[in-house]
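These notes are about the structure you will find just below.
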Amino acid sequence: MDAFASWGDKGHMATLFSPSAFTPAERERLRGRFFSLIWDQLRPWAYMDTDGLEIRRFDGTTIAFEPCMFDGAPRQALWDSNYIEPFLEEICRDEAARARAFSRADRTSLREVLLAGIKRVYLTMQEIDWHMQGDGVAEHYDKHDVEPGIAYMTAYLDHCLAGTVASAA
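Heads up, the sequence shown stops at 199 in the working numbering, and the numbers go up one at a time, no gaps.
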């Protein structure tokens with residue numbers, strides 16, 4: 031009798047000894063996607079008081095403001111207009127599709143990295159919002175609550191990873 035026979039079929043053995051699909055390089059690639067999103071879609075908001083803002087939404091339409099204070103319409107455009115979510119949803123869909131062949135452990139690792147990226151995006155938005163209020167005297171203002179956005183995106187990510195993207199959209 032083969033010494034490995036008690037371990038089950040060869041397919042099971044292959045999964046025990048196969049290298050992880052979720053490598054450090056894969057983690058860095060994902061971090062890079064979130065870094066690019068923050069750099070391209072959020073960083074410009076931090077300079078709108080001096081530079082104004084002209085930025086493209088996910089659907090290709092433009093958000094534009096002359097140099098101004100970050101309240102009223104600019105603040106509403108960042109938070110209340112479904113601005114960042116389509117970008118995050120695309121990352122969730124793309125990465126869930128790539129992960130279909132991943133092991134359960136690799137999908138769990140992927141979920142952790144994606145959630146960390148989602149949180150980083152919302153916390154960056156929160157910091158920009160907080161610093162841009164009140165002509166830079168942010169300590170007098172409460173930070174915007176990002177938990178609802180994080181909760182929505184967490185649920186969306188879980189739907190994507192479960193293969194039920196249609197019900198998440």
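Just so you know, even glycine gets a beta-carbon here, dropped at the ideal spot from N, CA and C.
Is the beta carbon of residue i sitting closer than 8 Å to the one on residue j?
{"i": "Cys122", "j": "Tyr182", "result": "no"}
{"i": "Phe64", "j": "Gly147", "result": "yes"}
{"i": "Ala126", "j": "Leu67", "result": "no"}
{"i": "Leu145", "j": "Thr184", "result": "yes"}
{"i": "Thr91", "j": "Glu84", "result": "no"}
{"i": "Phe117", "j": "Gln71", "result": "yes"}
Between the Cα of residue i and the Cα atoms of the options, which residue gives the shortest distance?
{"i": "Pro178", "options": "Arg105, Glu56, Lys149", "result": "Lys149"}
{"i": "Ala55", "options": "Val143, Ala192, Cys190", "result": "Val143"}
{"i": "Leu108", "options": "Asp188, Thr154, Arg61", "result": "Thr154"}
{"i": "Asp110", "options": "Arg57, Ala129, Met99, Asp159", "result": "Asp159"}
{"i": "Pro104", "options": "Trp75, Glu120, His174", "result": "Trp75"}
{"i": "Tyr113", "options": "Arg61, Arg86, Asp136, Thr138", "result": "Arg86"}
{"i": "Met78", "options": "Gly90, Ala94, Arg59", "result": "Ala94"}
{"i": "Gly102", "options": "Met162, Val176, His189, Leu118", "result": "Met162"}
{"i": "Glu115", "options": "Val176, Thr53, Phe52, Ser50", "result": "Val176"}
{"i": "Phe52", "options": "Glu157, Ser133, Asp70, His174", "result": "Ser133"}
{"i": "His174", "options": "Arg137, Asp188, Glu157", "result": "Glu157"}
Who does residue i pair with in a DSSP beta bridge?
{"i": "Ala94", "result": "Glu84"}
The alpha helix (DSSP H) that contains residue i, what's its start and end?
{"i": "Lys173", "result": "Per DSSP, Lys173 belongs to no alpha helix (DSSP H) and is neither H nor E."}
{"i": "Ile148", "result": "134-162"}
{"i": "Ala126", "result": "115-128"}
{"i": "Leu60", "result": "54-67"}
{"i": "Ala107", "result": "103-109"}
{"i": "Gly179", "result": "177-192"}
In or out: residue i buried (at least 16 other Cβ within 10 Å) or exposed?
{"i": "Ala135", "result": "exposed"}
{"i": "Tyr152", "result": "buried"}
{"i": "Trp37", "result": "Its pLDDT being 37, under 50, Trp37 is placed unreliably in this model, and the value from its coordinates should be taken loosely. Its Cβ having fewer than 16 others within 10 Å, Trp37 is exposed."}
{"i": "Glu119", "result": "buried"}
{"i": "Arg141", "result": "buried"}
{"i": "Ala35", "result": "Residue placement at Ala35 is poorly supported in this model, since its pLDDT is 37, which falls under 50; the coordinates still yield a value, given next. Result: exposed."}
{"i": "Ala131", "result": "exposed"}
{"i": "Ala33", "result": "Any reading at Ala33 must be qualified, since the residue scores a pLDDT of 37, below 50, and its modelled position is unreliable; no value is offered."}
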